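These notes concern the structure reproduced below.
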Amino acid sequence: MATMTIAKAINEGLRASLKSNPKSLLMGEDIGHLGGVYRVTDGLIKEFGADRIVDSPLAESGIVGTAIGLALRGYSPVCEIQFDGFVYPAFNQITTQLAKIHARSHGRLTVPVVIRIPYGGGIGSIEHHSESPEALFAHTAGLRIISPSNAHDAYWMIQKAIECQDPVIFFEPKRRYWLKGEVDVENAGLSEDPFKAHVVREGTDATIVAYGPLVPVALAAANAAIEDGRSIEVIDLRSISPLDFDTVEASVKKTGRLIVAHEAPTFGGIGGEIAARISERAFLHLEAPVIRVGGFHMPYPVAKVEEDYLPDIDKILEALDRSLAY
Amino acid sequence: MGSTQLPPGTDETLAATSAAVAASGEPVEMVQLLGPDGKLGTDPVFSDYAKRIDPEKLRVFYADMARIRRFDQEATALQRQGELALWVPLTGQEAAQIGSAHASQPQDYIFPTYREHGVALVRNVDLAELLKQFRGVSNGGWDPRGNNFHLYTLVLAAQTLHAVGYAMGIQRDQKLAVAGESNDPKAAVIAYFGDGASSEGDVHESMVFAASYDAPVVFFCQNNHWAISVPTEVQTKVPLANRAKGYGFPGIRVDGNDVIAVHAVTEWALEHAREGRGPVLIEAYTYRVGAHTTADDPTKYRELAEEAAWREKDPLERLEKYLRTEGLADEAFFDQVQADGDELAKYVRSTTHGLEVPDIRDSFANVYAEAHPLIAEEQAWFEEYSAGFETEQEAAN
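Chains A and B, in that order, give the protein sequences. All residue numbers for the first sequence refer to our numbering, where the first residue is 103 and numbers rise by one. All residue numbers for the second sequence refer to our numbering, where the first residue is 269 and numbers rise by one.
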């Protein structure tokens with residue numbers, strides 16, 4: 103066991119993959135000597151050299167497009183997109199090319215590209231640095247989308263993403279980069295399958311589903327609810343695509359109530375998909391409508407008002423109250 | 269990336285040609301060896317490369333150009349008869365495609381756009397497989413690894429970045445080879461695109477990446493003068509080949525209807541790339557004699573006189589003149605070429621009729637390489653739904 107931050111855990115996970123897979127390489131802006139703007143790739147260029155830790159030109163489509171070419175040649179590229187709001191220049195390469203090459207080649211070609219994206223708000227940043235665009239990618243078949251919420255998962259999930267033969271978008275909860283946790287570098291344990299949800303807190307009265315940066319918030323809300331005598335179950339989704347509906351369904355059949363929380367706007371978001379599927383799967387078990395807690399339908403607001411925008415403990419508790427009132 | 273540069277090749281012709289191209293300044297002039305009159309001229313830089321083409325090879329060039337033109341006619345007819353949803357004709361661009369493709373070697377990897385039927389022919393792609401995409405039974409009918417010829421890419425210019433990434437992979441493989449892990453011959457990549465696609469941002473980014481890493485890639489732009497209805501002048505104010513200078517690598521404009529010049533220039537460019545000297549941009553100056561696709565109507569946007577002027581520069585006619593004048597091919601040869609073309613047309617026509625319509629289950633199977641619960645769930649639903657119709661049918665019987 104080792105204690106480390108999420109950023110360090112990703113760094114160590116990347117290091118482990120670079121060591122075990124000689125065809126793996128990292129590419130992105132400022133990831134070499136600087137070690138990335140969040141230092142997630144710190145020190146790797148010294149260890150693995152500039153051919154494997156590639157400081158790229160400042161061009162996101164170029165990063166993903168050339169990564170696809172490297173993958174076609176047998177490499178396992180891991181791209182870093184510097185910030186969530188800068189992934190859009192690469193949107194075409196990700197959605198029309200990366201996601202479809204396996205299908206359009208009748209399964210003959212695989213493109214095991216990983217795209218790391220620091221995402222989400224709460225860091226007081228300027229515009230385009232606090233977004234949660236996961237739903238835009240979840241709508242695209244051919245992609246897998248995962249997001250760790252703790253250091254142990256971060257260490258193992260990045261390695262599993264690199265091993266995966268499908269393209270994986272790895273959303274990193276940037277405001278949790280410095281969150282420390284225990285990492286077992288010997289045994290993945292429950293982290294073995296990055297596409298399964300985890301029940302991280304058991305309860306009987308309601309279920310809160312969250313992922314990435316909101317998992318600690320959901321857990322804090324569940325703890326606060328104890329004061330009102332409520333027993334709340336919390337699920338860390340971990341994977342957004344595929345989405346582990348089985349685990350959510352089992353929990354809802356136990357608790358009868360479901361809150362889904364994410365930073366992304368609720369309209370057209372992952373929460374809506376979960377609500378629809380769970381309504382179909384567990385309609386007769388639901389005591390209340392599925393309630394979503396998320397961002398408003400607006401461009402991510404300026405930093406000085408982001409507290410009003412972001413889901414927090416109180417917003418989740420308010421949703422719990424509404425659910426339990428049925 | 270300075271440490272990743274491979275030692276440039278030492279071949280004298282290659283070195284002299286690369287130096288001459290670098291010194292030639294603005295490439296406003298066009299490399300041409302075989303003129304529309306069928307007379308073979310000289311070029312101070314590329315005649316050495318043209319001399320490598322023996323008469324037998326010239327006959328192969330002609331035969332391939334004729335066969336692919338015949339194929340093009342047949343595919344157009346198949347579309348007109350409702351057998352294909354769409355066809356993308358190449359007529360007029362045979363020399364650009366056949367000449368460049370013949371300069372490639374088996375270990376080179378080729379990223380076409382969607383009009384490179386001539387390149388596909390030279391790379392031994394089964395042309396019936398190629399028609400699958402246009403018949404709506406596949407989005408990529410052939411195995412790209414079999415002939416190192418990638419699937420067609422319909423999103424303009426996206427493949428130019430894949431080409432550069434692939435070339436970056438070759439560079440890394442070559443380093444591993446130096447370390448004794450492989451004996452593969454040196455390889456390069458060709459990225460085909462057109463004058464319209466040259467405006468796409470991905471072309472810019474691919475040239476930036478290629479230049480930064482000295483990637484072994486040849487950008488082969490077929491300037492066919494029309495991006496559907498928009499003329500090249502709307503895409504660029506300078507000859508497209510000149511853009512290479514801005515990226516810091518050589519750019520050449522070649523007569524795209526002169527198969528000898530195209531072959532010579534491409535052969536040099538590929539050697540230049542394989543030997544670690546970095547990328548090259550070739551602008552093959554040619555003309556799309558037909559429509560953009562079978563859904564297009566060129567009479568709406570261009571003059572017939574322009575088409576007629578380009579027909580005077582026809583790539584097949586000029587080579588035929590040369591072969592006849594020099595006594596390099598007799599009537600029997602041309603008869604045989606025509607017979608081979610008809611045979612090919614017959615083959616694709618009969619095969620197209622028989623192309624198997626796929627099952628939606630194939631689509632389920634290939635969305636992901638690894639197991640995916642949503643795919644399994646949706647397919648299970650579909651099976652149950654379909655079985656319901658069968659049960660109804662049985663009940664009705």
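Glycine included, every Cβ here is placed at the ideal spot set by N, Cα and C. Keep in mind that this is a model prediction, so the values were computed, not measured.
Listed by chain order, chain C residues near residue i by CB distance under 8 Å
i	result
residue 372/B	In the displayed structure, chain C is absent; the protein chains listed are A and B.
Neighbourhood of residue i by C-beta, 7 Å cutoff - its chain only, sequence neighbours within 5 removed
i	result
residue 188/A	162 and 230
residue 359/B	337, 340, 557 and 558
residue 389/B	332, 335, 336 and 395
residue 178/A	123, 125, 126, 214 and 264
residue 389/A	358, 359 and 428
residue 109/A	140, 141, 142, 279 and 280
residue 625/B	405
residue 101/A	This structure cannot speak to residue 101/A, because chain A is shown only from 103 to 428.
Distance between residue j and residue i (C-alpha atoms, nearest Å)
i	j	result
residue 274/B	residue 537/B	Low confidence applies here, because residue 274/B scores a pLDDT of 43, under 50, leaving its location unreliable; read the following figure in that light. C-alpha separation (whole angstroms): 16 Å.
residue 395/B	residue 254/A	52 Å
residue 633/B	residue 205/A	8 Å
residue 656/B	residue 442/B	57 Å
residue 665/B	residue 653/B	19 Å
residue 321/B	residue 535/B	11 Å
residue 219/A	residue 528/B	49 Å
residue 270/B	residue 209/A	Caution applies to residue 270/B, whose pLDDT of 40 falls short of 50 and renders its modelled position unreliable; the value that the coordinates give is listed next. If you take the alpha carbons of residue 270/B and residue 209/A, they lie about 37 Å apart.
residue 490/B	residue 496/B	14 Å
residue 59/A	residue 297/A	No answer is possible for residue 59/A: the residues shown for chain A start at 103 and end at 428.
residue 412/B	residue 458/B	14 Å
residue 631/B	residue 373/B	34 Å
residue 352/B	residue 403/B	4 Å
residue 240/A	residue 375/A	10 Å
residue 113/A	residue 647/B	38 Å
Chain-order list of residues whose beta-carbon lies under 6 Å from that of residue i (same chain, five-residue window excluded)
i	result
residue 332/A	307
residue 605/B	331 and 334
residue 467/B	503
residue 453/B	375
residue 119/A	126, 261 and 264
residue 455/B	375, 376 and 438
residue 425/B	461, 465, 468, 470 and 471
residue 191/A	162 and 163
Start-to-end residues for the beta strand (DSSP E) that takes in residue i
i	result
residue 104/A	104-107
residue 182/A	178-182
residue 220/A	216-221
residue 377/B	377-379
residue 128/A	126-130
residue 300/A	300-303
Neighbour-count burial assignment, residue i, 16 or more Cβ in a 10 Å radius
i	result
residue 143/A	buried
residue 216/A	buried
residue 439/B	buried
residue 195/A	buried
residue 247/A	buried
residue 621/B	exposed
residue 226/A	exposed
residue 201/A	buried
residue 362/A	buried
residue 451/B	exposed
residue 223/A	buried
Start and end residues, alpha helix (DSSP H) containing residue i
i	result
residue 239/A	236-240
residue 360/A	Segment 360-367 is the beta strand (DSSP E) holding residue 360/A; no alpha helix (DSSP H) there.
residue 324/B	323-348
residue 342/A	Looking at the DSSP string, residue 342/A is not in any alpha helix (DSSP H); the run it does join, the beta strand (DSSP E), is 341-343.
residue 481/B	469-481
residue 587/B	583-593
Contacts around residue i, its chain only, beta-carbon distance under 8 Å, and the 5 residues preceding and following it disregarded
i	result
residue 228/A	405
residue 419/A	323, 326 and 327
Query - Near-chain B residues of the region 218-244 of chain A - C-beta to any C-beta below 8 Å - result: Residues passing the 8 Å Cβ filter: 243 and 244.
**Report entry** Residues, ordered as in the chain, of the region 432-456 of chain B that lie near chain A by beta-carbon distance below 9 Å
**Finding:** Only those residues of the region 432-456 of chain B whose C-beta falls short of 9 Å from the nearest C-beta of chain A are listed: 432, 433, 434, 435, 436, 437, 438, 439, 440, 441, 443 and 444.
Query raised in the report: Using a Cβ cut-off of 7 Å, which residues of the region 112-146 of chain A contact any Cβ in chain B, in chain order?
Result: Listed by position, the residues of the region 112-146 of chain A near chain B (Cβ gap below 7 Å) amount to none.
Query raised in the report: the region 188-199 of chain A: which residues have C-beta closer than 9 Å to a C-beta of chain B, in chain order?
Result: If you check each beta-carbon in the region 188-199 of chain A against every beta-carbon of chain B, the ones closer than 9 Å belong to 191, 194, 195, 198 and 199.
**Report entry** Chain-ordered residues of the region 508-537 of chain B with a beta carbon less than 8 Å from chain A
**Finding:** Result list empty, no residue passes.
Query raised in the report: Taking any Cβ of chain B, which residues in the region 204-216 of chain A have a Cβ under 7 Å from it, in chain order?
Result: Going along the region 204-216 of chain A in chain order, one finds 204, 205, 206, 207, 208, 209, 210, 211 and 212 with a Cβ nearer than 7 Å to chain B.
**Report entry** Residues within the region 163-188 of chain A neighbouring chain B, beta-carbon criterion of under 9 Å
**Finding:** Along the region 163-188 of chain A, the positions whose C-beta sits under 9 Å from a C-beta of chain B are 163, 164, 165, 166, 167, 168, 169, 170, 171, 172, 173, 174, 175, 176, 177 and 179, read in chain order.
Query raised in the report: Mind listing which residues of the region 262-289 of chain A have their C-beta closer than 8 Å to chain B's C-betas, in chain order?
Result: Within the region 262-289 of chain A, those residues whose Cβ lies closer than 8 Å to any Cβ of chain B are, in chain order, 266, 267 and 268.
**Report entry** Residues in the region 398-425 of chain B having any Cβ partner in chain A nearer than 8 Å
**Finding:** Listed in chain order, the positions of the region 398-425 of chain B with a beta carbon within less than 8 Å of a beta carbon of chain A are 406, 407, 408, 411, 412, 413, 418, 419, 421 and 423.
Query raised in the report: What residues from the region 622-640 of chain B come within 8 Å of chain A, judged by C-beta to C-beta, listed N to C?
Result: For the region 622-640 of chain B, which is checked against every Cβ of chain A, the residues closer than 8 Å are 630, 631, 633, 634, 635, 636, 637, 638 and 640.
Query raised in the report: Using a beta-carbon distance cut-off of less than 7 Å, what residues from the region 476-487 of chain B approach chain A?
Result: Here the close residues are 476, 477 and 480.
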